[in-house]
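Order-wise, the sequence lines are chains G and P. The opening position of the first sequence corresponds to residue -18 in my numbering, with each subsequent residue numbered one higher. The opening position of the second sequence corresponds to residue 314 in my numbering, with each subsequent residue numbered one higher. Using N, Cα and C, we set each Cβ at its ideal position, and we do this for glycine too. In what follows, a single structure is set out as structure tokens and then discussed.
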Amino acid sequence: MSNERVLEKLRQQFPDAIHESKEFRGELTIVVPKEKIVEVCRFLRDDSELRYDFLSDLCGIDMYTPVNRFGVIYNLFSLSTKHRLRLKTFTQEENPKVPTVTEVWPTANWHERETYDMFGIVFEGHPDLRRMYMPEEFEYHPLRKDFPLMGIPGSLTLPKKLE
Amino acid sequence: MPAYTEEVSRKSKILQALEDQNTSFSINDPLENELVLNMGPQHPATHGVLRLLLRLDGETVIACVPELGYLHRGYEKLAENCTYHEFIPHTDRLDYLSPLSNNTAYVLAVEKLLGIEAPPRCQYIRVIISELARVSSHLLWLGTLAMDVGALTVFMWTFREREKLYDIFEHLTGARFTTSFTRIGGIANDMTPEVERMIWEYIDDFPENIAECEKLLNRNKIFVDRTDGVGVITPEQAISLGLSGPNLRACGVEHDLRRAAPYLVYDKLDFNIPVYEGGDVLARYYVRMGEMKESITIIRQALEKMPQGEIHALKPKKVLPRKERVYTKMEELIHDFMIVNFGVEPPVGEVYHAVEAPKGELGFYIYSHGEGYPWRMKIRSPSFVNLQSLPTMVMGAMISDVVAIIGSLDPVMGEADK
């Protein structure tokens, strides 16, 4: 399986969904609009030639740009062809929302919870969208670029001092 | 006597409080009630700070919700504020049972981003330390699993073996636990003949020592009864839940990144991948025992094939120069100053590199804006993903099985919580 073949198959199936494709160090990255992401993922998993049945990793990224600030990155692996592929989709700063892929790969569940926790990207249709690491009452999303490294004083409620 | 009356009044206050409480309640049949049990985060069987909420029907688990985050230190945020070299010591603290493996995984990802490759001798040494880390990690897992199901002796014996490994690490890296041994484009020190001799001695003794542990467990009725058919997961479920490493191979899926996407010099070495079909705790035990023996054969071949030569790549602007040259040569001093102050400055781009760590697929995704600091670094930690399949495995099991299943998954919370 070569990168060209993957791209060709995707172009055939979704002529207007491939916004951008890049190759760097032999790894193929494809940018897909978020409306199409579930459809593309399902095709990549079910196609008899591609068979990307293993979602290695899903993570968010904060590009800190005025448009398309937040991105979600899907690192796919195929257990049968041993090929890697990276999908990317972007969403805006206000009310960032991306459809969930938990129905395609159940492993996305915790990854999406972590991404929601760290970036505040809401995954629509997620069965259990809670914070993964931070406490529920925490108001911020720590991996956003505008969250300071030292944290925000008072953002975490600590136990009261004994009198 | 004032002290006496004080005590009486205090007691009566407690009694009064108890009488004020409405203490009457009724249960029709105590066995028909569901119970919610909180296990952890401070529970010896949860291997760290994993917290489980279990819904029990009698003693049978009917629902399980793992809660993570008690060891969250924000390494991904830290990485965005460290140069690539500065982050190497932090990788020790991810899976702290196999720091050498994490060091190797991280520098391989950065080297892929930079487009450089370490010289052959360095690659062989990296293979040897990764496999030693695997043996060390599996030995600890073996001891704790056996202890979780009630066999205490194995724990003592595996810790004796790990002690020898730590002696080797101390001689090789200068530290027993947090090694920080690899460098971008190389390693910190060359392997001395003395360390080589120690490793030879270790791998010559190993088969005998591990056979002793096997003798205690393989035909131990209590051990087999407590592990056979416990925590079963099917291959389809395992793949869809992203299970990796020995846990996946115990379901009959032959997937090992050392074979599927060879890195370092694994394609030049001859080794088997142990695969078992059961998908239960016992199969995971057999897979890891087999893996340790394969690791020993890998180390043996690597020691035999290891060439002499340089251990640093010849990329002066990317690889930290040796200290003695920094102090005596002008060029090296300048490069050292630039690398330490501004970082290695890789090109704009993104890479994902994964290795087969002892726990499973350990991947680093790095997005670079061309600066000395990564714009974004994601750590795909195997323990985090493996823990996600815990609710599937413990469904219908007993509470005491939950302990064995957590033990067999081999989670390290330092890695799961990042």
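ask   = So is P/I586 in contact with chain G if we call contact Cβ pairs under 7 Å?
value = no
Alpha carbon of P/Y437 to alpha carbon of P/E674, nearest angstrom = 20 Å
task = Quick one: residues in its chain with C-beta nearer than 7 Å to the C-beta of P/K630, no 5 flanking neighbours on either side, listed in chain order?
result = H648
Chain-ordered neighbours of G/K63 on chain P, where CB pairs are closer than 8 Å = A573, A574
ask   = So, helix, strand or coil for G/E8, using DSSP?
value = strand
message = Between the region 14 to 26 of chain G and the region 79 to 87 of chain G, can you find at least three pairs of beta-carbon atoms closer than 8 Å?
response = yes
task = From the DSSP output, in three-state form, read off P/L366 for me.
result = strand
ask   = For P/T495, which option in P/R475, P/E507, P/A422 has the closest C-alpha, if you only look at C-alpha atoms?
value = P/A422
ask   = Hey, is G/F51's beta-carbon within less than 7 Å of any beta-carbon in chain P?
value = no
query = Do you know offhand how far P/Y665's Cα is from G/Y55's?
reply = 11 Å
message = Check whether the region 578 to 598 of chain P and the region 401 to 417 of chain P are in contact - that is, three or more C-beta pairs closer than 8 Å.
response = no
Straight-line Cα distance separating P/L384 from G/L139 = 16 Å
Below-7 Å beta-carbon distance, G/N(-16) vs any chain P residue = no
Sequence-distant residues of the same chain with beta carbon closer than 6 Å to G/V53, five excluded per side = G41, T70, V79
task = Out of P/Y640, P/E514, P/L633, P/W470, state which residue places its alpha-carbon closest to the alpha-carbon of P/I481.
result = P/E514
request  = Give a yes or no on whether the minimum CB-CB distance between P/G382 and chain G is below 7 Å.
outcome  = yes
ask   = Of all the CB atoms in chain P, is at least one closer than 7 Å to the CB of G/Y121?
value = no
ask   = For P/N394, which residues in chain G fall below 9 Å Cβ to Cβ?
value = L130
task = Give the interface partners of G/F(-5) over in chain P, defined as CB-CB distance under 8 Å, in chain order.
result = Result: empty, since nearest Cβ-Cβ is about 22 Å, beyond 8 Å.
query = What are the start and end residues of the alpha helix (DSSP H) that includes P/Y515?
reply = 506 to 530
Beta-carbon gap between G/L39 and G/A(-2) smaller than 7 Å = no
query = Is G/V79 helix, strand or coil by DSSP?
reply = strand
message = Once DSSP output is grouped into helix, strand and coil, what is the label at P/A376?
response = strand
message = Buried or exposed for P/E663, going by 16 or more other Cβ atoms inside 10 Å?
response = buried
ask   = Mind checking if P/Q310 is an interface residue toward chain G, Cβ cutoff 7 Å exclusive?
value = Absent from the structure is residue 310 of chain P, since the part of chain P shown begins at 314 and ends at 731.
query = So, using beta-carbon positions, are P/I739 and P/I612 closer together than 7 Å?
reply = Nothing about residue 739 of chain P can be reported from this structure: the residues present for chain P run from 314 to 731 only.
key: Span separating the alpha-carbon of P/E658 from that of P/V632   = 11 Å
query = Under the rule that 16 or more other beta-carbon atoms within 10 Å means buried, what is P/V661, buried or exposed?
reply = exposed
query = From the DSSP output, which residues share a beta bridge with G/D43?
reply = G/F51
ask   = Would P/M314 be called buried (16 or more neighbouring beta carbons within 10 Å of its own) or exposed?
value = Per-residue confidence for P/M314 stands at a pLDDT of 46, beneath the threshold of 50, marking its modelled position as unreliable; the derived number appears in the next sentence. Label assigned to P/M314: exposed.
message = Any beta carbon from chain P within less than 7 Å of G/I42's own beta carbon?
response = yes
ask   = What's the call for P/V265, buried or exposed, on a 16-neighbour Cβ count within 10 Å?
value = The structure shown has nothing for residue 265 of chain P, since chain P only spans 314 to 731.
task = Classify P/G603 as helix, strand or coil using the three-state DSSP reduction.
result = helix
9 Å Cβ cut-off: residues of chain P touching G/D34 = I552, S553
query = In three-state terms, what does DSSP make of P/F494?
reply = coil
message = Under 8 Å, with one C-beta from each stretch per pair, do the region 353 to 369 of chain P and the region 90 to 100 of chain G reach the 3-pair mark?
response = no
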